[in-house]
Amino acid sequence: MHRFANPTRFLRLSAAILPWSAGLTVVLLAAGLYLGLVASPADYLQGETVRIMYVHVPAAWMALFVYANMALASAAGLVWRHPLAELFCKAVAPVGAGFTAVCLITGSLWGEPTWGTWWSWDARLTSVLILFFLYLGYIALVNAFDDPVRGLQAGAVLVLVGVVNLPIIKFSVDWWHTLHQQASVSRVGVPALDPTMLAPLLVMAAAFTAYFVTLALLRTRAEILDRRIQALRLAQAGGQQV
Amino acid sequence: MTEFLAMGGYAAFVWSAYGVAAGVMIALLASTLRGLRQRRAVLDALERARGPSRRRAAPARAAADQAR
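Read top to bottom, the protein sequences are chains A and B.
Each residue of the first sequence is one higher than the one before, counting from 1 in the numbering used here.
Each residue of the second sequence is one higher than the one before, counting from 1001 in the numbering used here.
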């Protein structure tokens, strides 16, 4: 893994991957939007509002996926002093916060016509709101230190403590029978979601993943540039004749 | 087309949801690209300020020279 910890190698590798991930994002988004908005049927009970699912559910999956990535990166950064891991973590946090916000807002827009309420302190809704605050807390904490290295380490600890929220979100719908429905896609046995609805959902999820990969690469590159700028400024301020 | 846009009477909810998702994703992409461009400009200016003679000795270049 340390082969990829080298920033120069990462810059080269990411430059090779970026055109593909960006192209894939565009193609998958176009296909997902067509399938979700045009080719798939309306629900017999919910009508057209079911189409909100094709952005709400992938955004929710990404909110969890990005946080899980940040937790792995934080562990790698703390245990192996992996220099890129911490930069990656800082780079993707706003993307995770964005997906969580999309999940919450689209959920609200889906809740009003189907449940008759914009918001409820349901176990799933509340735990996802906490995830959103964890993202915001991490971003604030990392930027609160004068020394960027200490900020990244404090943030990594916060991310690892917050991991406890991930299983709570996942199983909240089984542990507490409040308002949010249970999982339909990963359910074993009974087919809970018709293939005509499953297809746009999975294509949109793939599109969101490709979008995340593209932004993660771009933003990690920006963090590496930031590090170089800091190093050059330090060298200048110290008046070193290096 | 009108029927498609009406979304069975739920246009406000469906299109708002897609609009919010598109808005957030485009805003994140735009701020990412802007951040990259700004940092590249700063880095270029800093490296120019160091001058051509000292420039070769910058840490990244030193490593590159070693690798050569």
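All C-beta atoms, glycine included, are put in the ideal place defined by N, C-alpha and C.
### Message
Taking the alpha helix (DSSP H) that T250 (chain A) belongs to, which residues open and close that run?
### Response
Any answer about residue 250 (chain A) is impossible in this case: the structure gives chain A only from 1 up to 242.
### Message
Any beta carbon from chain E within less than 9 angstroms of D226 (chain A)'s own beta carbon?
### Response
Structure shown: chain E not included; protein chains present are A and B.
### Task
Counting only the same chain and skipping the five closest in sequence on each side, list residues whose C-beta sits under 6 angstroms from that of V55 (chain A).
On the first sequence, residue 55 (chain A) is found 55 positions in, with the first residue counted as 1. Only T106 meet the Cβ criterion.
### Message
So with CB distances below 8 angstroms, who are the chain A contacts of L1005 (chain B)?
### Response
Here residue 1005 (chain B) refers to the residue found at position 5 when the second sequence is read from its first residue. Under a criterion of Cβ atoms nearer than 8 angstroms, no residue of chain A is adjacent to L1005 (chain B); the nearest Cβ is some 10 angstroms distant.
### Query
CA-CA distance, R233 (chain A) and L160 (chain A)?
The residue labelled residue 233 (chain A) in the question sits at position 233 within the first sequence. The residue labelled residue 160 (chain A) in the question sits at position 160 within the first sequence. Distance between R233 (chain A) and L160 (chain A), taken at the CA atoms: about 32 angstroms.
#### Entry: Per-residue contacts from G1008 (chain B) into chain A (C-beta, under 9 angstroms)
The residue given as residue 1008 (chain B) occupies position 8 in the second sequence. Listed by position along chain A, the residues whose Cβ is nearer than 9 angstroms to that of G1008 (chain B) are A42, G47, E48, T49.
### Task
Can you grab the Cα-Cα spacing for the pair N6 (chain A) / L1043 (chain B), in whole Å?
In the first sequence, residue 6 (chain A) corresponds to position 6, counting from 1. In the second sequence, residue 1043 (chain B) corresponds to position 43, counting from 1. The alpha-carbon atoms of N6 (chain A) and L1043 (chain B) are separated by roughly 19 angstroms.
### Query
Is it right to say R51 (chain A) is buried, meaning 16 or more other beta carbons lie within 10 angstroms of its own, or is it exposed?
Against the first sequence, residue 51 (chain A) aligns to sequence position 51. So R51 (chain A) counts as buried.
### Message
So, under 8 angstroms CB-CB, A91 (chain A) and A222 (chain A) are touching, yes? Tell me the CB distance rounded to an integer number of Å.
### Response
On the first sequence, residue 91 (chain A) is found 91 positions in, with the first residue counted as 1. On the first sequence, residue 222 (chain A) is found 222 positions in, with the first residue counted as 1. About 7 angstroms separates the two Cβ atoms, so the contact holds.
### Task
Report yes or no: is there a C-beta of chain B within less than 9 angstroms of the C-beta of H56 (chain A)?
If you number the first sequence from 1, residue 56 (chain A) lands on position 56. The Cβ of H56 (chain A) sits closer than 9 angstroms to at least one Cβ of chain B.
### Message
Going residue by residue through the stretch 37 to 96 of chain A, where are the continuous alpha helix (DSSP H) segments of at least 4 residues, counting only ones entirely within it?
### Response
The stretch 37 to 96 of chain A contains these whole alpha helix (DSSP H) runs: 53 to 80.
### Query
What residue range is occupied by the uninterrupted alpha helix (DSSP H) comprising L136 (chain A)?
Mapped onto the first sequence, residue 136 (chain A) falls at position 136. Counting along the chain, the unbroken alpha helix (DSSP H) around L136 (chain A) starts and ends at 123 to 142.
### Query
chain A beta carbons: is any one of them nearer than 9 angstroms to that of G1051 (chain B)?
Reading the second sequence from its first residue, position 51 is the one you call residue 1051 (chain B). G1051 (chain B) does not count as touching chain A.
### Task
Please look up how many angstroms separate the CB atoms of T111 (chain A) and M70 (chain A), rounded, as I've assumed it's under 8 angstroms.
In the first sequence, residue 111 (chain A) corresponds to position 111, counting from 1. In the first sequence, residue 70 (chain A) corresponds to position 70, counting from 1. Checking the displayed sequence, the identity of residue 111 (chain A) turns out to be Gly instead of Thr. Wrong, their Cβ atoms sit about 27 angstroms apart, outside the cutoff.
### Query
Hey, would you say F132 (chain A) sits closer than 9 angstroms to A101 (chain A), going by beta carbons?
In the first sequence, residue 132 (chain A) corresponds to position 132, counting from 1. In the first sequence, residue 101 (chain A) corresponds to position 101, counting from 1. Yes, they are a contact pair.
### Sub-9 angstroms separation of S14 (chain A) and A210 (chain A) beta-carbons
Within the first sequence, the letter at position 14 stands for residue 14 (chain A). Within the first sequence, the letter at position 210 stands for residue 210 (chain A). Between S14 (chain A) and A210 (chain A), the CB-CB gap reaches or exceeds 9 angstroms.
### Query
Once you ignore the five residues that flank Y1018 (chain B) on each side, which residues in its own chain have a CB closer than 6 angstroms to its CB?
Along the second sequence, one-based indexing puts residue 1018 (chain B) at 18. Non-local beta-carbon contacts of Y1018 (chain B) in its own chain, meaning distances under 6 angstroms to residues more than five positions away in sequence, are absent.
### Query
If we ignore side chains and look at the alpha-carbon of each, how far apart do V185 (chain A) and L18 (chain A) end up?
In the first sequence, the residue the question calls residue 185 (chain A) occupies position 185. In the first sequence, the residue the question calls residue 18 (chain A) occupies position 18. So the two alpha carbons sit approximately 30 angstroms from each other.
### Query
Helix, strand or coil: which one does DSSP assign to G116 (chain A)?
Reading the first sequence from its first residue, position 116 is the one you call residue 116 (chain A). DSSP, reduced to helix, strand and coil, places G116 (chain A) outside both helices and strands of the structure shown, so it counts as coil.
### Contacts around L11 (chain A), its chain only, beta-carbon distance under 8 angstroms, and the 5 residues preceding and following it disregarded
As a working note, residue 11 (chain A) is residue 11 in the first sequence. For L11 (chain A), where only same-chain residues beyond five positions count, the Cβ hits under 8 angstroms are R221, I224.
### Query
Cβ atoms of A63 (chain A) and V164 (chain A): under 9 angstroms apart, would you say?
The count along the first sequence starts at 1 and reaches residue 164 (chain A) at position 164. The count along the first sequence starts at 1 and reaches residue 63 (chain A) at position 63. Against a cut-off of 9 angstroms, the Cβ pair of A63 (chain A) and V164 (chain A) comes out as no contact.
### Task
For L215 (chain A), collect the residues of the same chain with a Cβ closer than 7 angstroms to its Cβ; drop the 5 residues on either side in sequence, then sort them by chain order.
Position 215 of the first sequence, counted from the start, is the residue given in the question as residue 215 (chain A). Closer than 7 angstroms at Cβ, skipping near neighbours: V95.
### Proximal residues of chain A, C-beta to C-beta of R1039 (chain B) below 7 angstroms
Translated into positions along the second sequence, residue 1039 (chain B) becomes position 39. Contacts between R1039 (chain B) and chain A, judged by CB atoms closer than 7 angstroms, involve A222, L225, D226, I229 in chain order.
### W176 (chain A), enclosing alpha helix (DSSP H) - first and last residue
Translated into positions along the first sequence, residue 176 (chain A) becomes position 176. Looking at the DSSP string, W176 (chain A) is not in any alpha helix (DSSP H), and its letter there is neither H nor E.
### Query
Can you tell me whether DSSP reads A1027 (chain B) as helix, strand or coil?
Numbered from 1 along the second sequence, position 27 holds the residue referred to as residue 1027 (chain B). In the structure shown, A1027 (chain B) falls within a helical segment according to DSSP collapsed to helix, strand and coil.
### Query
Should P113 (chain A) and T178 (chain A) be called a contact, given that it needs their Cβ atoms to be closer than 9 angstroms?
The residue given as residue 113 (chain A) occupies position 113 in the first sequence. The residue given as residue 178 (chain A) occupies position 178 in the first sequence. Going by C-beta atoms, P113 (chain A) is not nearer than 9 angstroms to T178 (chain A).
### Query
Taking the alpha carbon of P148 (chain A) as the point to measure from, which residue in A:G36, A:P41, A:C89, A:G47 has its own alpha carbon closest?
One-based indexing of the first sequence puts residue 148 (chain A) at position 148. If we check each option's Cα against that of P148 (chain A), A:C89 comes out closest.
#### Entry: 9 angstroms Cβ cutoff met for A231 (chain A) and P58 (chain A)
The residue you call residue 231 (chain A) lines up with position 231 of the first sequence. The residue you call residue 58 (chain A) lines up with position 58 of the first sequence. Not in contact: A231 (chain A) and P58 (chain A) (Cβ atoms no closer than 9 angstroms).
### Message
What would DSSP say about A1017 (chain B), mapped onto helix, strand or coil?
### Response
Residue 1017 (chain B) sits at position 17 when you count from the first residue of the second sequence. Note: A1017 (chain B) maps to helix in three-state DSSP.
### Message
Taking a contact to mean a Cβ-Cβ separation below 9 angstroms, would you say A73 (chain A) touches H82 (chain A) in this structure?
### Response
The residue given as residue 73 (chain A) occupies position 73 in the first sequence. The residue given as residue 82 (chain A) occupies position 82 in the first sequence. Cβ distance < 9 angstroms, so A73 (chain A) and H82 (chain A) count as in contact.
### Against chain B: residues of the stretch 83 to 100 of chain A by CB proximity under 7 angstroms
Residues passing the 7 angstroms Cβ filter: P94, V95, G98.
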